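Engineer: Residue 67 in the numbering used here sits at position 43 of the sequence shown, and the numbers go up by one each step. Backbone N, C-alpha and C define an ideal beta-carbon position, used for all residues, glycine too. This one's a predicted model, so the numbers in the text were calculated from it and none came from an experiment.
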Amino acid sequence: MPARHFDRGRLRAVRRAAEIYQVAVGEALGVSDSAVAGWETGAQTPDPEKLPALARALGRDVDDLFPRSGPPDLTDLRCDAGYYQYETAALIGTKSAGPVAAAERGERRLKDKYVPALAAAYGVNEEELRRAEARSIAKAQGVQVDEPVPSGTTGASAPGAPPESLAEKITLLLESSYPGPQGVPSDAEMANAVNARAGARVITEEGFRDLRTGITGTASPAVLDALAAVVGVSRMYFEPDADVAAQVYEGLQLLSAAKKGSVGRVRARGLGSQGLSPKAMALVNELVAELEEKEADAGE
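(1) Count the other CB atoms, across all protein chains shown, that sit within 10 Å of the CB of residue 70; report buried if there are 16 or more and exposed otherwise.
(2) Nearest by alpha-carbon distance to residue 36: which of 56, 27, 66 is it?
(3) For a test of the three-state rule: what should DSSP assign to residue 294, helix, strand or coil?
(4) Check whether chain C comes within 8 Å of residue 30, counting only Cβ atoms and requiring the distance to be less than that.
(5) Can we say the segment 68 to 86 touches the segment 120 to 139, given the rule of at least three CB pairs closer than 8 Å?
(6) Following the continuous alpha helix (DSSP H) through residue 46, name the residue where it begins and the one where it ends.
(7) Between residue 165 and the ligand GTP, is the CB less than 7 Å from at least one heavy atom?
(8) Measuring straight from C-alpha to C-alpha, what distance separates residue 114 and residue 90?
(9) May I ask you to verify whether the segment 149 to 161 touches the segment 91 to 99, counting CB pairs closer than 8 Å and requiring at least 3?
(10) Would you identify the three-state DSSP class for residue 40, choosing helix, strand or coil?
(11) For residue 263, which of helix, strand or coil comes out of DSSP?
(12) So which of 42, 227, 32 has the shortest CA-CA distance to residue 59?
(13) Do you know how far the Cα of residue 162 is from the Cα of residue 120?
(14) Residues in the same chain with beta-carbon distance under 8 Å from residue 226, minus the five sequence neighbours each way, listed in chain order, please.
(15) Look at residue 100 and residue 164 and say whether their C-beta atoms are less than 8 Å apart.
(16) Enumerate in chain order the residues of its own chain whose CB-to-CB distance from residue 110 is below 7 Å, with the five nearest sequence positions on each side excluded.
(17) If you draw a straight line from the C-alpha of residue 107 to the C-alpha of residue 138, how long is it?
(18) Residue ranges of each alpha helix (DSSP H) run of no fewer than 4 residues wholly in the segment 211 to 251, ordered along the chain?
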């Protein structure tokens, strides 16, 4: 989400090394040579929308000449494509840039009908555009967003590590509960299943996607109760470690069952008020894998 880093000294050094005059750079970007001179002296800073063209004018890659320390948000994608915000109205066929401006500010998501055209103009796929949008929303809310997971890929913690965020827990559940060739259900299917279990419309497709991808870090008790029932785990699984330590122990059972694709049959029985620590949980998880390997070797 950080903007690209502009180093005036490096810009000047690269231009001189390439033996390109300031006037030539200005002509390539549609600005005066005095503007280029101002960038190099620090009197002015080029608009972020001009950085890609500036890098091309000097024969360099924009990521090399003007690096960015993190993944892009929606504004970054637009700037990387060289578009000013007002120009996006023509890209999505609206009278104003209001939809894009609101999405960049994290106020509301882009309507689905705008996504294909905007993604094509920005040179990214639709999933990448939505992921950048999620970062803009998270930035506006002042929260750290888990990297949204493209459809069909995993979003669980690293092997041996228990899931921590709600998004990681949901992802682990879905992958382990539906290991067959059909894959995990869609966000719409999961939302419908949760609503059916709750007996009311407690979550939308978009709401479930936000939970799964980490845009939203919490859910109402009604949603969590119904989701737990749908996937076959105790409600405690979704509780923070600090609130219910026993969920760590159930998470251990879940990870063990995940190796057999049988998470849906896991139930918490006889859990006490204390659970295993995350370190112990990871250790036992490794032992489960080792035992399974030994069983496989013995059967050969």
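Structural biologist: Here's the rundown:
(1) So residue 70 counts as buried.
(2) Cα-wise, what sits closest to residue 36 is 66.
(3) The pLDDT assigned to residue 294 is 36, lower than 50, so where the model puts this residue is not dependable; a value taken from the coordinates is nonetheless given after this. DSSP places residue 294 in coil when its eight states are reduced to three.
(4) Here there is only one protein chain, and chain C is not present.
(5) With the cut-off at 8 Å, the segment 68 to 86 and the segment 120 to 139 do not touch.
(6) For residue 46, the enclosing alpha helix (DSSP H) covers residues 46 to 53.
(7) The ligand GTP is not part of this structure, which contains no ligands at all.
(8) Residue 114 and residue 90: Cα-Cα distance of roughly 28 Å.
(9) Contact holds: three or more Cβ-Cβ distances are below 8 Å.
(10) DSSP places residue 40 within a helical segment (H, G or I) once states are collapsed to three.
(11) The answer is coil: DSSP assigns residue 263 none of H, G, I, E or B.
(12) Ranking the options by Cα distance to residue 59, first place goes to 32.
(13) Those two C-alpha atoms are separated by around 24 Å.
(14) Shown here for residue 226: same chain residues with a beta carbon closer than 8 Å to its own, the five before and five after excluded, namely 218, 219, 244, 246, 247, 250 in chain order.
(15) Cβ atoms of residue 100 and residue 164: not closer than 8 Å.
(16) Counting only Cβ-Cβ distances below 7 Å, and skipping sequence neighbours, we find 121.
(17) Between the alpha carbons of residue 107 and residue 138 lies a gap of roughly 16 Å.
(18) Along the length of the segment 211 to 251, whole alpha helix (DSSP H) runs at least 4 residues long occupy 211 to 222, 229 to 237, reported in chain order.
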